[in-house]
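Undergrad: To start, I am sharing the structure in question, which I have written as structure tokens.
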């Protein structure tokens, strides 16, 4: 879930009593006294082209629109690339002097970790077991889920052994909060800008996660960091000259190649006629609709940008697990089935499991808790949770015709793992 929430002085806030920027009646950027753009005497795009003489050539001395366009004033299909550093005119704000555009992570301030030895822990219960009838029902259900498996062996096999055991699944979750800041901008729409003091520190801004142990993201504006600057992409014009027609508003006709005439053969002679697709060899540019200009995609034609520091808060749930399973059943199958929760604790900092009958679980808990304690230096740990699930596993031995083999029934759903089932080919579908 992504959210964009303005704080005080943030995006979308209606500031009562704040004057619009620039003030009503004042000239827009560039500031008064600066030379307007384009310079006086430079050709002005009018959306047209000087009348052509015969053959589609401009009259002597005519300068087509678009020539002499200053560097950087021409549009490009890929003009929205962000700069690698903030514009030099952006003020250096207290606590944010090294902010760029990359959203660098900010390490959290030191805080008192709450690590307490847990209270008396309850005894661990043993796992569930299944009967022969339940094992047969499980293999019949398993066969029905595979169209090419014959159900004859499932009905006729002689079950001669049930070996029940338990798999143990330990999981540790560490819910952390990371924060990063960067300069960002949006088109300035004329709203008031209120700066009431120094901006708060990135870790001083209050925010609550929508839910614990769920990865989420929140973007907010740091209060008292907003300012209005001329658009650096279009030079505060609100537009760029069209890259297809070079600002002229017209392009060479594709039918007559700019000649204004089309050749054809008639009565053994080559003849010419006026091109009906253009006027004098030129057509209106479809990219800019003949205006010679394209609205600046950065400022959306507003000529100015509202700059501010954006705080991104990432809540991340780090999860690791360890499985103890002593049979030939693949360990990864244990993760996808349910079992009995034999142990669960939630705390700002959990204490490793140390009372489980299976010592491998105790060792795994100790190692993962230690790893998570120092594994996320750029995040503040908000909460931890760990649990142990007991998943029942039964190895079912059977004899069918001349074959002796086994399959596994595991999980409270009684899922089946039977790699050696006798009738797995399409011919088995006819077996009753």
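Numbering (full-length UniProt numbering), first residue to last: 1 to 432. Virtual Cβ for every residue (Gly too), placed ideally from N, Cα, C.
Quick one: what's got a C-beta closer than 8 Å to residue 158's C-beta in the same chain, skipping five residues either side?
TA: Cβ neighbours of residue 158 beyond the five flanking positions: 398, 399 and 400.
Undergrad: Thinking C-beta only, is residue 296 closer than 8 Å to residue 240?
TA: Cβ distance < 8 Å, so residue 240 and residue 296 count as in contact.
Undergrad: Going by DSSP, which residues form a beta bridge with residue 189?
TA: Note: residue 189 sits in no beta bridge, so no partner.
Undergrad: Can you give the Cα-Cα distance for residue 140 and residue 408, rounded to whole angstroms?
TA: Using only the alpha carbons, I get a separation of about 13 Å.
Undergrad: Suppose you measure from the CA of residue 205 to the CA of residue 219; what does that come to, to the nearest Å?
TA: The alpha-carbon atoms of residue 205 and residue 219 are separated by roughly 12 Å.
Undergrad: I'd like to confirm the pairing. Which residues does DSSP put opposite residue 271 in its beta bridges?
TA: Note: residue 271 sits in a beta bridge opposite 264.
Undergrad: Determine the extent of the beta strand (DSSP E) in which residue 217 is found, giving its start and end residues.
TA: Unbroken beta strand (DSSP E) run through residue 217: 216-221.
Undergrad: Can you tell me the Cα-Cα spacing of residue 214 and residue 344, whole angstroms?
TA: Each residue's alpha carbon lies about 18 Å from the other.
Undergrad: Here's the rule I'm using: 16 or more other beta-carbon atoms within 10 Å means buried, otherwise exposed. How should residue 153 be labelled?
TA: So residue 153 counts as buried.
Undergrad: Starting from residue 143, follow the alpha helix (DSSP H) in both directions and report where the run begins and ends.
TA: Looking at the DSSP string, the run of the alpha helix (DSSP H) that includes residue 143 is 132-144.
Undergrad: One question on the structure: do residue 350 and residue 165 come within less than 8 Å of each other, judged by their Cβ atoms?
TA: No, the Cβ-Cβ distance between residue 350 and residue 165 is not below 8 Å.
Undergrad: Between 263, 337 and 312, which lies nearest to residue 389 when the distance is taken from Cα to Cα?
TA: With distances taken between Cα atoms, residue 389 lies closest to 337.
Undergrad: Between residue 434 and residue 248, what straight-line distance do the alpha-carbon atoms span, to the nearest angstrom?
TA: The structure shown does not extend to residue 434, since the chain is modelled only from 1 to 432, so the question has no answer here.
Undergrad: Figure out for me which residue from 109, 405 and 302 has the closest Cα to the Cα of residue 177.
TA: When only C-alpha atoms are compared, the closest one is 109.
Undergrad: Run the proximity test for residue 213: is its beta-carbon closer than 7 Å to any non-hydrogen atom belonging to the ligand SAH?
TA: Looking for the ligand SAH in the displayed structure turns up nothing, as the structure carries no ligands at all.
Undergrad: Can you list, in chain order, the residues of its chain whose CB lies under 7 Å from that of residue 171, leaving out five sequence neighbours each side?
TA: Once the five neighbours on either side are set aside, the close Cβ partners of residue 171 are 319, 321, 386 and 387.
Undergrad: Any idea what DSSP makes of residue 335, helix, strand or coil?
TA: In this structure, residue 335 counts as helix in the three-state DSSP scheme.
Undergrad: Counting only the same chain and skipping the five closest in sequence on each side, list residues whose C-beta sits under 7 Å from that of residue 405.
TA: The answer, listed in chain order, is 398 and 420.
Undergrad: Cutting at 8 Å between CB atoms, please list the residues of its own chain near residue 447, excluding the five before and the five after it.
TA: Any property of residue 447 remains undetermined from this structure, which presents the chain solely from 1 to 432.
Undergrad: In this structure, how does DSSP classify residue 482 when only helix, strand and coil are distinguished?
TA: Missing from the structure shown is residue 482; the chain here goes from 1 to 432 and no further.
Undergrad: Which residues mark the beginning and the end of the alpha helix (DSSP H) in which residue 371 is found?
TA: From DSSP, the alpha helix (DSSP H) with residue 371 extends over 359-374.
Undergrad: Let me check understanding here. Comparing Cα to Cα, which of 273, 285, 262 and 211 lies closest to residue 252?
TA: Answer by Cα proximity: 285.
Undergrad: Give me, in chain order, the residues of the same chain whose beta-carbon lies closer than 7 Å to that of residue 366; leave out the 5 immediate sequence neighbours on both sides.
TA: Excluding sequence neighbours, residue 366 sits near 352.
Undergrad: Between residue 169 and residue 334, is the Cβ-Cβ spacing less than 8 Å?
TA: Yes, the pair counts as a contact, with Cβ atoms nearer than the cut-off.
Undergrad: Using DSSP with H/G/I as helix, E/B as strand and the rest coil, what is residue 379?
TA: Three-state result, residue 379: strand.
Undergrad: Just reading off the beta strand (DSSP E) that residue 153 is part of, what are its end residues?
TA: Per DSSP, residue 153 belongs to no beta strand (DSSP E); it is in the alpha helix (DSSP H), 152-156.
Undergrad: Within 10 Å of its beta-carbon, does residue 281 have 16 or more other beta-carbons around it, so buried, or fewer, so exposed?
TA: Looking at its Cβ environment, which holds 16 or more other Cβ atoms inside 10 Å, residue 281 is buried.
Undergrad: Identify every residue that forms a DSSP beta bridge with residue 180.
TA: DSSP lists 105 and 312 as partners of residue 180.
Undergrad: Tell me the DSSP secondary structure of residue 401 in three-state form.
TA: Looking at residue 401 - three-state DSSP - the assignment turns out to be coil, as it is neither helix nor strand.
Undergrad: Please report the distance separating the alpha-carbon of residue 315 from that of residue 371.
TA: The straight-line gap from Cα to Cα measures roughly 19 Å.
Undergrad: Residue 188 and residue 228 look like a contact to me (Cβ under 8 Å); what is the Cβ gap, rounded to whole Å?
TA: Sure, about 5 Å apart at Cβ, within 8 Å.
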